[in-house]
Amino acid sequence: MSMLHLVNKSPYENNNVSTASSIMKGDDVMLLIEDAVYAAVKDGKASAMLEGRKVSVLGPDLAARGIAEDKLASDVDVIDYAGFVDLVESNDKVQSWL
Amino acid sequence: MSDTKKFLYINRRAPYGTIYAWESLEVVLIGAAFEQDVSLAFMDDGVYQLMKGQDTTGIGMKNFSPTYSALGDYEITKIYVEKESLEERGLTLDDLQHLVWEDEDEDWAEKDSIRLVSRAELGDVMAEQDVLFNF
Amino acid sequence: MKLTIQVNEGPYQHQSADSAYFFAKAALEKGHEIFRIFFYHDGVNNGTRLTTPPQDDRNIVDRWTQLAQEHDIDMVVCVAAAQRRGIVDEGEAERNGKDATNIAPGFRISGLGQLIEGGIQSDRLVVFGD
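Here you go:
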């Protein structure tokens with residue numbers, strides 16, 4: 001049993017990335033979309049919150065914001081909307097941290 | 001009922017500054033008719049929704065806080081309040097409404113609806129649910 | 001997988017409506033079923049047919065209409081939220097004494113029970129918002 005944690009706001013705007021990363025457990029996955037993709041930039045303070053967790057990030061949102069994949073923290077998985085759908089399917093439920 | 005699912009309504013925003021708190025409560029009230037296994041969670045700024053003594057006359061908005069005390073009548077008996085969120089905000093359970101429900105199996109004895117939980121415990125509660133509502 | 005999608009924000013103001021749309025499209029392309037798309041809070045504003053976005057920008061409302069018509073998707077705008085924000089169909093106009101309607105094709109106005117039902121009947125509820 002695992003949960004998909006959907007986060008869409010920048011970690012520098014509010015605490016949602018932090019809250020999600022502190023509550024997620026075991027096999028849970030975090031998916032960063034929209035402005036939350038900034039959390040995955042490796043030299044940013046927020047990327048430390050992602051360590052040790054399964055994190056995916058939406059490629060189209062990265063590209064829109066001019067974030068090249070080589071700027072990302074190493075363990076982050078870049079996916080597309082099809083991958084997003086797969087994550088919803090492979091996890092039991094979705095928690096949207098709005 | 002084979003269709004019964006565990007529903008958790010998660011409240012993370014303060015009342016009045018935005019409409020999410022009120023419109024989420026509207027979902028809870030309508031949802032009660034569907035007889036699912038319902039719980040509510042209040043965390044982050046959501047804990048402010050339950051504060052006692054709200055007086056909205058000066059801001060011209062409807063004070064909807066009395067609605068929380070009616071939740072027991074809608075058979076909502078599990079209201080999780082996250083400890084860390086209260087502490088961070090300098091609040092205790094005493095600052096919140098005392099929410100109760102009446103147990104018809106125990107001669108209508110009044111019982112507390114609010115369950116104070118840690119973030120980790122709330123995570124466990126979330127993991128047990130079928131459907132998570134966020135607003 | 002049977003999905004219910006909830007959209008909490010209006011078009012253009014937030015990216016939620018766009019994210020929800022691309023997610024819905026990808027789900028359909030993978031052969032999943034969308035039980036319902038439910039528009040709540042300012043999300044009801046996705047259902048007005050009166051928008052005129054710039055020519056060189058996406059037309060969010062039309063995009064929803066097309067998606068709904070191509071795939072026969074039930075797109076519901078919450079009645080309480082719609083009344084507050086002025087999204088009106090024929091029935092609402094008559095009931096509430098309004099002199100116009102503005103609901104876009106492919107959308108219907110209905111109660112919060114539709115969202116609850118979506119939660120009950122679907123395998124997954126995915127919420128897009130602020």
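Just so you know, the sequences run in chain order A, B and C. In case it helps, our numbering puts the first sequence at residues 1 to 98. In case it helps, our numbering puts the second sequence at residues 1 to 135. In case it helps, our numbering puts the third sequence at residues 1 to 130. Every residue gets a Cβ at the ideal spot worked out from N, C-alpha and C, and that includes glycine. Computed from a predicted model, the values in this text were never measured in an experiment.
_Check whether chain B comes within 9 Å of A/M3, counting only Cβ atoms and requiring the distance to be less than that._
Taking Cβ atoms only, chain B reaches closer than 9 Å to A/M3, which makes this a yes.
_Run through chain B and tell me which residues come within less than 8 Å of A/I33, C-beta to C-beta._
Identification of chain B residues near A/I33 by a Cβ-Cβ cut-off of 8 Å yields none; the smallest Cβ-Cβ distance measures about 14 Å.
*By Cβ distance below 7 Å, which residues in the same chain neighbour A/A73 in space, the five residues on each side in sequence not counted?*
Result list for A/A73: A40, K42, S47 and L50, in chain order.
_Ranges of the alpha helix (DSSP H) found wholly within the region 33–105 of chain C, counting only runs of at least 4_ = Runs found: 60–71, 79–85 and 90–96.
_C-beta neighbour in chain A for C/Q121, strict 9 Å_ = No, no contact with chain A.
_DSSP three-state assignment for A/V29, whether helix, strand or coil_ = In this structure, DSSP gives A/V29 an extended state, which the three-state scheme calls strand.
*B/G31 touches chain C at which residues, Cβ-Cβ below 9 Å?*
In chain order: L112, G113, L115, I116 and G119.
*Contact check, B/A127 vs A/M3 under 8 Å by CB: the rounded distance?*
6 Å between Cβ atoms; contact.
*Just the C-alpha distance for C/F107 and C/N46, rounded to the nearest angstrom, thanks.*
Distance from the CA atom of C/F107 to the CA atom of C/N46, rounded to whole angstroms, is 9 Å.
*On the DSSP bridge assignment, give the partners of B/F7 in chain order.*
Beta-bridge pairing links B/F7 to B/V38 and B/V131.
_Is the beta carbon of B/T77 closer than 9 Å to that of B/S113?_
The answer is yes: Cβ separation under 9 Å.
*Could you name the residues of chain C that B/Q129 contacts, counting a contact when the two beta carbons are closer than 7 Å?*
The premise fails here: B/Q129 is roughly 11 Å from chain C at the closest Cβ pair, so nothing lies under 7 Å.
_Cβ-based neighbour list, C/E33, same chain, cut-off 8 Å, excluding 5 preceding and 5 following_ = Here the set comprises M1, K2 and L3.
_Residues bridged to B/Y80 (per DSSP)_ = Under the DSSP definition of a beta bridge, B/Y80 partners with B/A41 and B/R115.
*Is the region 58–68 of chain C close to the region 24–38 of chain B, with three or more CB pairs under 8 Å?*
Under the 8 Å Cβ criterion, the region 58–68 of chain C does not count as touching the region 24–38 of chain B, having fewer than three qualifying pairs.
*Look at the Cβ atom of C/I37, then the Cβ atom of C/A68, and state whether they are nearer than 9 Å.*
Going by C-beta atoms, C/I37 is nearer than 9 Å to C/A68.
_Among the candidates A/G52, A/S90 and A/A20, whose CA atom is the shortest distance from the CA of C/D123?_
Ranking the options by Cα distance to C/D123, first place goes to A/S90.
_Determine, for A/S22, whether the minimum Cβ-Cβ distance to residues of chain C falls below 9 Å._
It does not: the Cβ of A/S22 has no partner Cβ on chain C nearer than 9 Å.
*When DSSP labels each residue in this structure, what does B/V28 get in the three-state scheme?*
Helix, per DSSP.
*For A/V55, decide whether its Cβ has a neighbour in chain B, counting only Cβ atoms nearer than 9 Å.*
A/V55 has a beta carbon lying at 9 Å or more from every beta carbon in chain B.
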